[in-house]
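If you count by mature numbering (1 follows the signal peptide of the UniProt record, and there is no 0), then the sequence shown holds residues -19 to -1, 1 to 144, one letter each, in order.
Cβ atoms here follow ideal geometry from the backbone N, Cα and C, with glycine treated the same way.
Let me begin by presenting the structure, written as structure tokens, before commenting on it.
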Amino acid sequence: MHSILFPALLIGVVPSVSTHGHIVDPSARMPGNAMEAQEMQIAQGQSDFNAAKCELTLCKGYQFADNTANVQSFTAGQVVNLKAVVTAPHTGTMNVSVVDTTQNAVIGDPLIYFPVYASDAAPIPPNSTAFSVTMPDVSSQCGTAGVCALQWHWNAADVNQTY
Ligand SMILES: *[C@@H]1O[C@H](CO)[C@@H](O)[C@H](O)[C@H]1NC(C)=O
Ligand SMILES: *[C@@H]1O[C@H](CO)[C@@H](O)[C@H](O)[C@H]1NC(C)=O
């Protein structure tokens, strides 16, 4: 048994503040006071964006302190169903991985990978918004709430944005 803080969408390199997609189930990390306290403005274009303080590539800068109510516990081998919404398609790649938030490093291999995701040239297939992953045994790394996150990473290179 180990706990993983389920993060939300992830990176916003040059995102508009309104998101183009996010995970709705399980409950994901959200912004909050701790994020604000670290001056984690989501958009680099904002005048008060502070690149040194804002780790956009890690759960979009969303903080564990704002999300202690969103900690999920998964067991090795558990199949976790995820639901995402994609409100603004941008062709990219997607993967869901367990990340060590203390290192901002992926643990092991991605649990699922879509070489083409949220294409704006075709209807979005059902498996892009409802899919499942099987949890690896990360009990040695992820026993403490907040250390690990299940990260949904959608990289739309053609528009230079990640979510
Ligand atoms: C998978 O997502 C991670 C972030 O969680 C990212 O660093 C990595 O580049 C992605 N890998 C692929 C193959 O897209
Ligand atoms: C998603 O479904 C499409 C067919 O609609 C299939 O080609 C693709 O491999 C599926 N992707 C994953 C990651 O299951």
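{"Check": "Quick check on the DSSP output: the beta strand (DSSP E) that includes cysteine 129 runs from which residue to which?", "Outcome": "129 to 137"}
{"Check": "Compute the Euclidean distance between the alpha carbons of alanine 24 and serine 54, then round it to the nearest angstrom.", "Outcome": "In this predicted model, alanine 24 has a pLDDT of only 49, less than 50, meaning its place in the structure is not dependable; the value taken from the coordinates is given anyway. Using only the alpha carbons, I get a separation of about 31 angstroms."}
{"Check": "Between the beta-carbon of valine 80 and the beta-carbon of isoleucine 93, is there less than 9 angstroms?", "Outcome": "no"}
{"Check": "Any idea what DSSP makes of glycine 42, helix, strand or coil?", "Outcome": "helix"}
{"Check": "So what's serine 121 in DSSP terms, helix, strand or just coil?", "Outcome": "coil"}
{"Check": "Mind checking who alanine 86 pairs with in its DSSP beta bridge?", "Outcome": "Asp81"}
{"Check": "Check each residue's C-beta against every heavy atom of ligand 2 and list, in chain order, those closer than 6 angstroms.", "Outcome": "Ile93, Phe95, Pro106, Asn108"}
{"Check": "Can you name the residues that DSSP bridges to histidine 3?", "Outcome": "Val66"}
{"Check": "Can you tell which of Val60, Thr82, Asn85 has its C-alpha closest to the C-alpha of valine 114?", "Outcome": "Val60"}
{"Check": "So, using beta-carbon positions, are histidine 1 and threonine 68 closer together than 9 angstroms?", "Outcome": "yes"}
{"Check": "So for isoleucine 96, helix, strand or coil by DSSP?", "Outcome": "The sequence shown places proline at residue 96, not isoleucine. DSSP places proline 96 in strand when its eight states are reduced to three."}
{"Check": "Would you decide whether serine 121 is buried or exposed? Buried here means 16 or more other CB atoms lie within 10 Å of its CB.", "Outcome": "exposed"}
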